[in-house]
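Q: I have a structure here, written as structure tokens, and I will follow up with some questions on it.
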Amino acid sequence: MYNNKASPDTGIISEDGRIVNIRVRQQLTSAEIHASSLTSSLDDNAALKTDLFAAYNHYMDRRQYIRRRSIKHYRYMRYTLLDDNGEFYAHIKLHIGDVVIIKEEESESYAIIKAIFTHKYNDDSVYAFVWIDWLQDTERTDGLLRCPIFVRQKESDARWHRIYPISILNEIPKVHFVHACRPSCSADTHDNANIQYYMNQYFYKTV
Ligand SMILES: [Zn+2]
Numbered sequence: 051m052y053n054n055k056a057s058p059d060t061g062i063i064s065e066d067g068r069i070v071n072i073r074v075r076q077q078l079t080s081a082e083i084h085a086s087s088l089t090s091s092l093d094d095n096a097a098l099k100t101d102l103f104a105a106y107n108h109y110m111d112r113r114q115y116i117r118r119r120s121i122k123h124y125r126y127m128r129y130t131l132l133d134d135n136g137e138f139y140a141h142i143k144l145h146i147g148d149v150v151i152i153k154e155e156e157s158e159s160y161a162i163i164k165a166i167f168t169h170k171y172n173d174d175s176v177y178a179f180v181w182i183d184w185l186q187d188t189e190r191t192d193g194l195l196r197c198p199i200f201v202r203q204k205e206s207d208a209r210w211h212r213i214y215p216i217s218i219l220n221e222i223p224k225v226h227f228v229h230a231c232r233p234s235c236s237a238d239t240h241d242n243a244n245i246q247y248y249m250n251q252y253f254y255k256t257v
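Residues 51 to 257, numbered by our numbering, are exactly what the sequence shown covers, in order.
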């Protein structure tokens, strides 16, 4: 199997040996964390606390009480994804606000990255996580644009976990979503109270 080698500069590792060279950039300041309605303390947010425990439990078989109660937020993260033979597969770049694909057996789901963070576990290993809002298919289509309409998971909606190790992000996103902007959106900021997004099926980013 693989060695879970830490990246030399950051020390961040993944439980999935196919993920290497994990780099982070632009740590968020406390003011930025506050402005984005995030927190760096597990004890300030019930979803963060229970979902981080669930992520360690489910993906890493770790069930101890989490001793370190703080996390570090970053605006960007990138890593190298290897294939099953340990050969290069893709460079993955994550930004806050990106839409990502999460593959579960036959189906594909979509989510928006709300936060990218690292946490130091009890054994001093540093792991990388994403905090996501799921995009749920309403199975309705916009009459004019003929695009499927999705809705972003609300803050109060605890039906789905939000915290996952980055190993769930093992595909290069090939879908494009746009906010269903209303007059309350401005050029730089979208009105978060409006949770509707359109999936643009006619636009594929080819890199
Ligand atoms: Zn908007």
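Ideal Cβ placement from N, Cα and C applies to all residues, glycine included.
If you follow the alpha helix (DSSP H) that histidine 108 is part of, which residue opens it and which one closes it?
A: That run of the alpha helix (DSSP H) goes 96-110.
Q: For ligand 1, which residues count as neighbours when the test is a C-beta closer than 5 angstroms to any heavy atom?
A: For ligand 1, the selected residues are His229, Cys231, Cys235 and His240.
Q: Could you spell out the range, first to last residue, of the beta strand (DSSP E) harbouring isoleucine 199?
A: Where isoleucine 199 is concerned, the enclosing beta strand (DSSP E) stretches over 198-202.
Q: Select from Gln76, Asp93 and Tyr109 the residue whose C-alpha is nearest the C-alpha of phenylalanine 179.
A: The shortest C-alpha separation from phenylalanine 179 is found at Tyr109.
Q: Buried or exposed: where does cysteine 231 fall if 16 or more other Cβ atoms within 10 Å of its Cβ makes it buried?
A: By the 10 Å Cβ count, cysteine 231 comes out exposed.
Q: Enumerate in chain order the residues of its own chain whose CB-to-CB distance from valine 201 is below 8 angstroms, with the five nearest sequence positions on each side excluded.
A: Around valine 201: Leu185, Gln186, Thr188, Ile245, Gln246 and Tyr247.
Q: Less than 7 angstroms between C-beta atoms, sequence neighbours within five positions excluded: which residues of the same chain meet that for methionine 249?
A: Excluding sequence neighbours, methionine 249 sits near Cys197, Pro198, Phe200, Val225 and Phe227.
Q: Of the residues Arg118, Ser206, Val150 and Ile182, which one's Cα is nearest the Cα of serine 175?
A: Of the listed residues, the one whose Cα sits closest to serine 175 is Arg118.
Q: List the DSSP bridge partners of glutamine 186.
A: BP columns for glutamine 186 point to Val201.
Q: When we look at the beta-carbon of glycine 147 and count the other beta-carbons within 10 Å, is it buried (16 or more) or exposed?
A: Looking at its Cβ environment, which holds fewer than 16 other Cβ atoms inside 10 Å, glycine 147 is exposed.
Q: What are the complete beta strand (DSSP E) segments, minimum 3 residues, inside the segment 100-184?
A: Counting whole runs of 3 or more residues, the segment 100-184 contains the beta strand (DSSP E) stretches 122-132, 138-145, 149-154 and 157-170.
Q: Alpha carbon to alpha carbon, how far is serine 258 from arginine 125?
A: This structure cannot settle anything about residue 258, because the visible part of the chain is limited to 51 through 257.
Q: Please state the DSSP three-state secondary structure of serine 217.
A: Helix, per DSSP.
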